[in-house]
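Protein chains: 2
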Amino acid sequence: MPHRIEDLKPCIATVQVDNERVRVTRYTFLPGTDTGWHTHGHDYVVVPTRAGTLTIIERDGSTREVAYVPSESYARTLGAEHDVANLSDDTVEFVEIELK
Amino acid sequence: MPHRIEDLKPCIATVQVDNERVRVTRYTFLPGTDTGWHTHGHDYVVVPTRAGTLTIIERDGSTREVAYVPSESYARTLGAEHDVANLSDDTVEFVEIELK
């Protein structure tokens, strides 16, 4: 089972659009929450909407911190596998647009 | 020529991603700026990142005000034709994801 940091609660995922082209989900990370381990089944775009730092946990257990700056968007391709955790004291949020 | 509000300067459009699947553009509307008249050539998703009210000017000159709430995203289909203007005193911003 890929690494995951214990004692974290699930972040809040709110699906805002789900049509034949995209699924748009807002992820709200209260302190001490994470997505849980997941593999991206689609190419996707991330648009940060609340500033803060999240920790990405890779398959091999290594971690890296990523600063999310509102409106500083990025795109990634399908197949990415990780857990995304909020180990900070701030609520962090982004909107993910999955390209079906 | 469709109606448009005079004396507005162009908003700031920053292309953040442009690949075979999407074009991701951040639109920053300083007070007194607009997109200018445009027709959407692609289905698109809008993710507001800075709160405020923008005015949509339709082809027939009618206008409607839309409140943009950070992370409250929406999707629209190609063919939409309008001008988007910031007639308020606040800077308003959103990220637009065009689906190629």
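Protein chains in written order, with UniProt numbering: chain A, 1 to 100; chain B, 1 to 100. Backbone N, C-alpha and C fix where the C-beta goes; we use that ideal spot for every residue, glycine too.
Going by DSSP, name the residue or residues bridged to residue 75 of chain A. Reading the first sequence from its first residue, position 75 is the one you call residue 75 of chain A. Beta-bridge pairing links residue 75 of chain A to A/45.
Does the pairing of the stretch 9 to 22 of chain B with the stretch 10 to 28 of chain A give three or more beta-carbon distances under 8 Å? no
Could you tell me which residues DSSP puts in a beta bridge with residue 85 of chain B? As a working note, residue 85 of chain B is residue 85 in the second sequence. According to DSSP, which records beta bridges pairwise, residue 85 of chain B is partnered with B/34 and B/55.
Any beta carbon from chain A within less than 8 Å of residue 39 of chain B's own beta carbon? Within the second sequence, residue 39 of chain B is the residue found at index 39, counting from 1. Taking Cβ atoms only, chain A never reaches closer than 8 Å to residue 39 of chain B, which makes this a no.
Can you confirm whether residue 93 of chain B, when its beta carbon is compared against all beta carbons of chain A, has any partner nearer than 8 Å? Locating residue 93 of chain B in the second sequence gives position 93, where the first residue counts as 1. Yes, residue 93 of chain B counts as interfacial toward chain A.
Name the one or two DSSP bridge partners that residue 99 of chain A has. Your numbering for residue 99 of chain A matches position 99 in the first sequence. Answer is A/22 and A/43.
Could you tell me whether the Cβ atoms of residue 8 of chain A and residue 40 of chain A are closer together than 8 Å? Along the first sequence, read from residue 1 onward, the residue named residue 8 of chain A stands at position 8. Along the first sequence, read from residue 1 onward, the residue named residue 40 of chain A stands at position 40. Their beta carbons are not under 8 Å apart, which means residue 8 of chain A does not touch residue 40 of chain A by this criterion.
Please confirm if residue 76 of chain A has its CB atom under 8 Å from at least one CB of chain B. Counted from its first residue, the first sequence places residue 76 of chain A at position 76. No, its Cβ sits nowhere closer than 8 Å to a Cβ of chain B.
With respect to the beta strand (DSSP E) encompassing residue 63 of chain A, which residues constitute its N-terminal and C-terminal limits? Here the question's residue 63 of chain A lines up with position 63 in the first sequence. In this chain, the beta strand (DSSP E) harbouring residue 63 of chain A covers 63 to 68.
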